[in-house]
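*Asks:* Pasting a structure below so you can have a look.
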Amino acid sequence: MSTTKRNWFEYNKAKTCRFQIFISLLLLILDTVPLPSLYKGKGRKPYSTRNIVICLCFKIYYKTSYRDIIGELNNHKKELGLKKVPHFNTLRKYMVDPRMTVILGILLLFLLQPIAALETTFASDATGFETSRKSEYFSVVTKSQTKKDAGTKKEKKKLLQKKKKKDFVKLHVTIGTVTQMVVCAVSTIGKKHESTQFETMVSMVATVFSIKEWLGDAGYLSRKACNLVSKQHGIPYFWPKSNSTSKSRGSYAWSDMMIMFKKKS
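With our numbering applied, the sequence shown has no gaps in its numbers, which climb one by one up to 284 at the end.
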């Protein structure tokens, strides 16, 4: 159990005023950061980038459907400075627009600037979120069948079974260990291993922070990952497997990490 004492006055204040803090911080960032236009030069001009970002952030904050969020947006229209609330299908279209991913990434960089000097140690992990969609797959099943003319001899016959399972999205997250804020997040569809997204996360974090240490479980254990952290002048701490050796094979950061683990264990 954690022995850290919680300041209940500050905790209760933050919880009860969380929505107001969220709105004020969102509007402050949008008024500070210049946002590119979503207009492609053809057809009717779209809603402003600011309004689309506000609506999408509200949708994520409330964790509700596109139809349900329209009512909440209408209730806070004046507070948010929205002249008109977009149609829910418009929000659905922009949620999967690659340009919105870039814009939200820019806003995240500005949001992380105040804690840039505080965070030097980072920790990464990944988790899956189940979706409502199902995908089909086939599994090979071995079934024993007895032939009438073969006496007691049995023949194994391979059968294909058609099954369904729910799809899921995997979220790869990196946090700063001091503020425990999410400083980087990458989502992938399906069974993407943690190590495949590690290079992206290191490059994103390095644009804002100075990296001194990086923590991770055995899913990030590789010489390539150690080299990526060492290249940013940081020390990797990835949990080793039982068959891991201290042979460098071109990665001195790996060798130093394994020697350190053996001395501490």
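Virtual Cβ for every residue (Gly too), placed ideally from N, Cα, C. Everything numeric in this text was worked out from a predicted model, so none of it was measured.
1) Would you mind sorting Trp273 into buried or exposed? The rule is 16 or more other CB atoms within 10 Å of its CB.
2) Which residues in the same chain have their Cβ closer than 6 Å to the Cβ of Ile73, if we skip the five residues on either side of it in sequence?
3) Buried or exposed for Leu131, please, with buried defined as at least 16 other CB atoms from any protein chain shown within 10 angstroms of its CB.
4) Going by Cα to Cα distance, which pick from His106, Ser143, Ile254 is closest to Gly195?
5) Can you list, in chain order, the residues of its chain whose CB lies under 7 Å from that of Glu218, leaving out five sequence neighbours each side?
6) Specify, as a first and last residue, the run of the alpha helix (DSSP H) that Tyr256 falls within.
7) What are the start and end residues of the alpha helix (DSSP H) that includes Glu91?
8) Can you tell me which residues form a DSSP beta bridge with Thr348?
9) DSSP three-state call for Ser56: helix, strand or coil?
10) Would you kindly work out how many angstroms separate the C-alpha atoms of Lys59 and Pro65, rounded to a whole number?
11) Check each candidate in Met220, Gln216, Ile79 and name the one with the smallest Cα separation from Leu128.
12) Using beta carbons (cut-off 8 Å, strictly below), is Leu46 in contact with chain B?
13) Starting from Val72, trace the beta strand (DSSP E) both ways and give me its first and last residue.
14) Would you mind giving the Cβ-Cβ distance between Leu137 and Thr193, rounded to the nearest angstrom? I have them listed as a contact below 8 Å.
15) What's the gap between the Cα of Ser214 and the Cα of Asn93?
16) According to DSSP, Ser143 sits in a beta bridge with which residue or residues?
17) What does Gly235 pair with, by DSSP beta-bridge criteria?
18) Once the 5 residues before and after Thr264 are set aside, which same chain residues still bring their CB inside 8 Å of it?
19) Which two residues bound the contiguous alpha helix (DSSP H) that contains Val227?
20) By DSSP, does Thr186 sit in helix, in strand, or in coil?
21) Just list the residues that DSSP pairs Ala204 with in beta bridges.
22) Using a Cβ-Cβ cutoff of less than 7 Å, which residues in the same chain neighbour Tyr80 once the five nearest sequence positions on both sides are dropped?
23) Note down the Cα distance separating Phe38 from Ile122, rounded to an integer number of angstroms.
*Replies:* In brief:
1) buried
2) Leu99
3) buried
4) Ser143
5) Leu247
6) Note, Tyr256: premise wrong, no alpha helix (DSSP H); beta strand (DSSP E) at 254–257.
7) 85–94
8) Here the chain comprises residues numbered 20 to 284, so residue 348 is not present and cannot be evaluated.
9) coil
10) 9 Å
11) Met220
12) Structure shown: chain B not included; a single protein chain is present.
13) Counting along the chain, Val72 falls outside any beta strand (DSSP E), though it belongs to the alpha helix (DSSP H) covering 68–81.
14) About 15 Å separates the two Cβ atoms, so there is no contact after all.
15) 43 Å
16) Thr193
17) Phe257
18) Met277
19) Per DSSP, Val227 belongs to no alpha helix (DSSP H) and is neither H nor E.
20) This sequence places Asp at residue 186; Thr is not what is there. Looking at Asp186 - three-state DSSP - the assignment turns out to be strand.
21) Val192
22) Phe41
23) 22 Å
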